[in-house]
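Per the numbering used here, the very first residue in the sequence shown carries number 389; after that it's consecutive. As structure tokens, the structure follows; a few thoughts come after it.
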Amino acid sequence: MHVSAAHPRRADIQGLRAVAVIAVLLYHFGVPGLSGGYAGVDVFFVVSGFLITGNLLREHARTGRVSLARFWSRRVARLAPPALLVVAATVAACVVWMPPLLWRSTAREALLATVGVANIDFARSGTRYLSASEPSVFQHFWSLGVEEQFYLVWPLALVAVLAVAGRRLLAVVLGVATAASFVLCLWLVTVSQPWAFFALPSRAWELGAGALLAVGAGRLGGVPRLGGVPRLGAVPRLGGVPRLLATVTGWLGLAAIASAVVLLDESTVFPGAAALLPVLGTAAVIAAGSVGAGSDAAADSDAADSVGADRLPMVSSVLSWRPLTRVGDISYPLYLWHWPLLVVPTLALGRDIRPGEFVAAAVCSVVLAALTHVTLENRLTPRLATRRPRTIAVAGLTTAALVVGTSGAALADPVLSTDVVLASPTADDVRAGPVAATVVPADLSPGLADVDESIPTIYADGCHADYQVVAALGCSFGDPDGPTTALVGDSHAAQWFTPLRDRVERRGEELIVHTKLACPVVELVLEHPHAARDYTECASWRDDVVATLVEEPVDTVVVSHAVSGYRLVARSPDDFEREWATGLERFVDALPDSTRVVVLGDVPRWPDRPPLCLSSHLDDVAACSAPVEALVDAPATAADRGAAERSRVRYVPTLDWMCTETCSPVVWNSLAFRDTNHLTDGFARVLGPRLDEVLDAAR
């Protein structure tokens, strides 16, 4: 991954690349004890910053300028062919094996990956790289996006600094920019972990660390020279550093990288201060290996590959071990190939792949990477690199357009239903109990293609509070002069908005909405879903909702929330049910005695999105069904119910509204679930008669 020179002069850096890609692969393959293998990407960032900056500085020293067109064209020639090949092959695999419902989103992600902005989309959508939720087949392109954006911005900045301030101040400017990026990262990871993880501004300090090392190498005069001019093909080496100090530094750096791979895990605040471990470790290893023979030792091409080999620190000699450097040679295509070979089978099979399948995926990754290296990196890239920048640009854009266009055509408009038409249920049908469909009907409501849009209108209206909101919004619907019902809770409460709004509009009543993303009204200290800190906004919002309900009492409060998926701050998982029950009791006790409270039980939580399964089993809905007990967190549900009963409020289980002994994703002609744990808005509206029964009985 992220190779920055076609034929690098530092064998130890190739070995370092091997360490990085192996760490990432073993992490993704779920090897025990390597929970921090994702830090291998940070190693790549530092290496890339070091090599790219060294290349630019050497060109400037040799010619007095930097040809941006030449630099960018060489980057395209180096990175684009393997990436486009993997994109095309992944799209083809998706057409053959993946659920048809994913085809459209896959085509979109292929486009974003091709143009180098996948990381921005993942940050915007709140993707969690360390999450076990459903991944994108192109999710690994996020790091390539970061680097490509760096390659676009950094040469411009470097040329500007050299033109204005000269080389003397380059280290100062770069140091300030790197420090600013690090401070931004520390702040952003507490506000929005996805943006901190995926965005260039919060990752630039890692590339900047490598760039600073390259600038330092040049300032210390350790760049191999040829005829008094820094050698363009050589990698900078630091001079004047005792070999013993370099040896100790190198081993400490490698130990830091190893510690990151072993000690970090999904609970680590990352990136942030923890990212210093792999970043500084990588910088230390590179610096140690930069202790070379003299400035003229690399005067010929043979010596350039082994400058000071007999005097290199031992860690550099270890990293220069031929098997490691061979892996380093294929690190870029290996990184590109391994992820789709893991994700496509997982999504196609609808389950985690097994140990033997992991091994097969690993072997295929290595074989495909080696073939890509031989055919593209060793043959095509050198030929492209000799072409004029304009020729490379035209060829790259044409190839990218062909890949994207073909992907869009191949993945467009899959068949997502049978020809069977089923009758819509009457109110009596709904009250009588759910009836599972056997096929995906032509009149499925909502259709599989539209499932992502089947959400309550309060999301678009801004009435469902976002993560950062701390005050009760209290949006009102219906007649403010009629009896008032308040809907209170997280997104599992919000899913009941539409049938409740229909109810109050029919009856001349008022509905007030107090719902917030990932924030139940249960009084608990929860972790923020997308930041490494307490979810303080939830606590503040909850307090304001309670204060509002006390100051402006309503007739009925309808409470609902997810009973699983939350994490308590500084608490043992064993305490969750007890703390949850106590927290719900505290909320109910804070309300006026005149307020009736109805707690709607939680809905099933599926291991995978039911619509995906349905798109692959249009004639066999039963293949996508599951026993109720497999979809319910029984202890948490019992705690929720017990707390409601102790508070003398009505608890209403909703499972029998949508499931019998088995839960089906298609009930009557309705698509019941839009994701793993939310009802579609259309199905919630179908269940309106059951909700009416409950609220009428509560009066």
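Each residue gets a CB set at the ideal place from its N, CA and C atoms; glycine is no exception.
Starting from the C-beta of residue 543, find all residues in its chain whose C-beta is less than 7 Å away, skip the five residues before and the five after it, and write them out in chain order.
444, 454, 456, 459
With H, G and I counted as helix, E and B as strand and the rest as coil, what does DSSP make of residue 658?
coil
Could you tell me the boundaries of the alpha helix (DSSP H) in which residue 927 lies?
924 to 939
Take residue 664 as the anchor and find which of 594, 1014, 965 has the nearest alpha-carbon.
594
Return yes when the C-beta of residue 849 is under 8 Å from any heavy atom of the ligand SAH, and no when it is not.
As for the ligand SAH, it is missing from this structure, which has no ligand bound.
Straight-line gap, residue 970 to residue 716 (C-alpha atoms, nearest Å):
55 Å
Cβ neighbour criterion (16 or more within 10 Å) applied to residue 407
buried
Quick check on the burial criterion: 16 or more other C-beta atoms within 10 angstroms. Buried or exposed for residue 485?
exposed
Pick from 575, 1010, 527: whose alpha carbon is nearest that of residue 659?
575
Hey, which unbroken runs of the alpha helix (DSSP H) at 4 residues or more fall wholly within the region 856 to 893?
879 to 882
So, under 8 Å CB-CB, residue 526 and residue 501 are touching, yes? Tell me the CB distance rounded to an integer number of Å.
4 Å
Contained alpha helix (DSSP H) runs [length at least 4] in the region 1021 to 1064, N- to C-terminal order
1022 to 1034, 1043 to 1046
Length of the line joining the Cα atoms of residue 884 and residue 1023:
24 Å
For residue 420, count neighbouring Cβ atoms within 10 angstroms of its own Cβ and tell me buried if that reaches 16, exposed if not.
exposed
Can you say whether residue 770 is buried or exposed, counting buried as having 16 or more other CB atoms within 10 angstroms of its CB?
exposed
Can you check which of these residues, 656, 859, 874, is closest to residue 924 by C-alpha distance?
859
Close Cβ partners of residue 403 (< 7 Å) along its chain, the five nearest in sequence each way excluded
707, 708, 709, 712, 713, 716
Would you mind reading off the limits of the alpha helix (DSSP H) that contains residue 946?
Note, residue 946: premise wrong, no alpha helix (DSSP H); beta strand (DSSP E) at 944 to 948.
If I follow the unbroken beta strand (DSSP E) through residue 560, where does it start and stop?
No beta strand (DSSP E) holds residue 560; the alpha helix (DSSP H) holding it covers 558 to 579.
Along the chain, which unbroken stretches of the alpha helix (DSSP H) at least 4 residues long are found entirely within the region 414 to 493?
428 to 451, 456 to 485
Neighbourhood of residue 729 by C-beta distance below 6 Å, restricted to the same chain and skipping five residues each side
749, 752, 753
Host alpha helix (DSSP H) of residue 726 (start-end):
719 to 737
Start-to-end residues for the beta strand (DSSP E) that takes in residue 806:
Segment: none, residue 806 is in no beta strand (DSSP E) and carries neither H nor E.
Should the region 1064 to 1074 be regarded as contacting the region 966 to 983, the criterion being three or more beta carbon pairs within less than 8 Å?
no
Taking the beta carbon of residue 632 as the centre, do at least 16 other beta carbons fall within 10 Å, making it buried, or is it exposed?
exposed
Can you give me the start and stop residues for the beta strand (DSSP E) that residue 898 sits inside?
898 to 904
Can you name the residues that DSSP bridges to residue 914?
956
Kindly give me the distance between the Cβ atoms of residue 875 and residue 899, rounded to whole angstroms, as I take these residues to be in contact under 8 Å.
6 Å
Simplified DSSP state of residue 642, which is helix, strand or coil:
helix
Determine, using beta carbons only, whether residue 1068 comes closer than 9 Å to chain D.
No chain D is present in this structure, which holds just one protein chain.
Pick from 591, 747, 565, 926: whose alpha carbon is nearest that of residue 956?
926
DSSP state of residue 690 mapped onto helix, strand, coil
Residue placement at residue 690 cannot be trusted, given a pLDDT of 33 that sits under 50; what the coordinates show is reported in the next sentence. Helix, per DSSP.
Can you check DSSP and say which residues form a bridge with residue 1015?
1050
Extent of the continuous beta strand (DSSP E) run through residue 985:
984 to 988
Do three or more CB pairs link the region 805 to 824 to the region 1040 to 1057 at distances below 8 Å?
yes
Comparing C-alpha positions only, which one of 642, 851, 734 sits nearest to residue 417?
734
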